[in-house]
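Scroll down for the structure; my scribbles are underneath it.
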Amino acid sequence: MEKWRKSLHDSITSPEELGERLGIDVSAFGAVAERYPMRITPYYLGLIEQPGDPIWLQCVPDSRELAVDCLVPDPLDEERLSPVAGVIHRYPDRVVFLVSSECAVYCRFCMRKRHVGCAHGVMAEGAHDAALSYVADTPAVRDVILSGGDPLLLDDGDLEEILGRLRAIPHVEMIRIGTRVPVTLPERITQRLCRMLKRYHPLYVNTHFNHPREITPRSREVCSRLADAGIPLGNQTVLLKGVNDDPDTMKRLMQMLLAIRVRPYYIHQMDLVQGTGHFRTSVATGTAIMEGLRGHTSGMATPYYVIDAPGGKGKIPVLPECVADRGETLLLRNYRGELIEYRDIDD
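When we follow the numbering used here, the leftmost residue of the sequence shown carries the number 22, and every step to the right adds one.
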């Protein structure tokens, strides 16, 4: 068994296992884990220093996930924007291709919390064929983003088959892979994987570091391995209450990312996903963080701060000209000139 597969096999998948490992009371976690699966790799578990710290908050079930609120399972309307199973077509020239339904660690703030890791979220046989046919039959699509779940939890052979079939489509100019395994399962980034990925340029990898403590000697090593294969690396961070919602933490994260050859790309405002409301901050918190970055560190360490607008209206950078009104409800202007209401909160 490959080392990374063994790590997945040895992961903690129940509150009882977590309680035994850490010697803590986990009685409050059971109902949460029944609804929203848990998996914590041995590596990521080792980054926890104490209950409630920024790593713990991202991976350990929390009773607040079951809170009744006004949030919804699919605020970005991905299912409506799915012309065939496994494809989300929101922007004119690019699609998201969902190639996997599992992750190495099930993040408690996941935007696809409704199905990732759940039995009903398992990819149906033939789903990849239908998705690939859609891309081939849609000449406007020049950019394909592999997502899931985590695409890098596919075996090398399965992933290479998808990449090869995409590369055979003349109008597909670039391929992107969104993955969190450099953060949660660095064993997966093998030399063999990198040699394979190198054959499918132009290929880009966006990963997902949320806190400076996630940048370790091992994650640094595997990001270097990907960069040495000629793969440009970007990072998408989610703004999370209690994890990275202060300027100093975010600035240090962005600086450390550049030091490991990962370019900060986006800071995302939390999506309005059911079960994740306890991670939300106000938009004012996000703009204060951006003020703490601009001019206080390299421009290369300053990503876009964006809101992924409800209803599948697209990512909107939070800039003065994009916010038409302030108050409990923001009016945001997207790339089509549409005004979209976004419900803000008080911190």
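Beta carbons: idealized from backbone N, C-alpha and C, even for Gly.
Cutoff 8 Å; reference residue i; Cβ partners in own chain excluding five residues on either side
i, result
"Gly333", "Leu97, Asp98, Glu99, Arg101, Leu102, Arg111"
"Ser303", "Asp365, Ile366, Asp367, Asp368"
"Val93", "Leu293, Val294, Gln295"
"Thr323", "Met275, Pro285, Met311, Leu314, Arg315"
"Met194", "Reading off the sequence, residue 194 comes out as Glu, not Met. Result list for Glu194: Arg163, Asp164, Pro223, in chain order."
"Leu279", "Pro285, Ser319, Met321, Ala322"
"Gly298", "Arg85, Ala88, Asp90, Leu92"
"His30", "Met22"
"Asp158", "none"
Cβ-Cβ separation, residue j to residue i (assumed contact under 8 Å), whole Å
i, j, result
"Arg234", "Leu68", "6 Å"
"Pro82", "Val117", "Going by Cβ atoms, the distance from Pro82 to Val117 rounds to 27 Å, so no, they are not a contact pair."
"Thr318", "Lys272", "6 Å"
"Cys442", "Ile61", "Any property of residue 442 remains undetermined from this structure, which presents the chain solely from 22 to 368."
"His192", "Pro160", "5 Å"
"Glu181", "Met217", "5 Å"
Cα-Cα separation, residue i to residue j
i, j, result
"Ser154", "Gly178", "20 Å"
"Gly320", "Ile236", "20 Å"
"Arg220", "Leu352", "44 Å"
"Arg163", "Arg301", "34 Å"
"Glu349", "Pro104", "34 Å"
"Val156", "Pro113", "12 Å"
"Gly40", "Thr270", "29 Å"
"Ile190", "Arg197", "15 Å"
"Ser48", "Arg357", "48 Å"
"Ser35", "Glu55", "9 Å"
"Pro238", "Asn256", "17 Å"
"Gln212", "Glu359", "46 Å"
"Leu340", "Lys134", "28 Å"
"Tyr363", "Ile328", "9 Å"
"Pro203", "Met59", "19 Å"
Residue i Cβ short of 8 Å to the ligand NAP heavy atom set
i, result
"Gly333", "With respect to the ligand NAP, the structure offers nothing, as it holds no ligand at all."
Check whether residue i and residue j have beta carbons under 9 Å apart
i, j, result
"Gly263", "Pro75", "yes"
"Ser84", "Phe130", "no"
"Val226", "Leu247", "yes"
"Tyr64", "Tyr127", "no"
"Ala125", "Ser28", "yes"
"Ile109", "Pro72", "no"
"Trp25", "Leu175", "no"
"Ser122", "Gly170", "yes"
"Arg115", "Ile166", "yes"
"Thr308", "Asp266", "no"
"Tyr325", "Gln290", "no"
Neighbourhood of residue i by C-beta distance below 7 Å, restricted to the same chain and skipping five residues each side
i, result
"His149", "Gly107, Val120, Ile183"
"Glu355", "Correcting the residue identity first, residue 355 is Asn in this sequence and not Glu. So the list reads Ala330, Lys334, Gly335, Ile337, Ile361, once near-sequence residues are dropped."
"Leu214", "Asp177"
"His222", "Gly251"
"Arg282", "Cys244, Ser245, Ala248, Leu254"
For residue i: DSSP bridge partner residues
i, result
"Asp329", "Lys336"
"Val259", "His289"
"Ile109", "Val117"
"Met271", "Beta-bridge pairing links Met271 to no other residue."
Sequence-distant residues of its chain with Cβ nearer than 6 Å to residue i (five each side left out)
i, result
"Thr258", "Asn231, Ile288"
"Trp77", "Ile69"
"Ile33", "Leu39, Ile61"
"Cys37", "The sequence shown places Glu at residue 37, not Cys. No residues qualify anywhere along the chain."
"Met277", "Pro233, Ile236"
"Pro268", "Ile310, Gly313"
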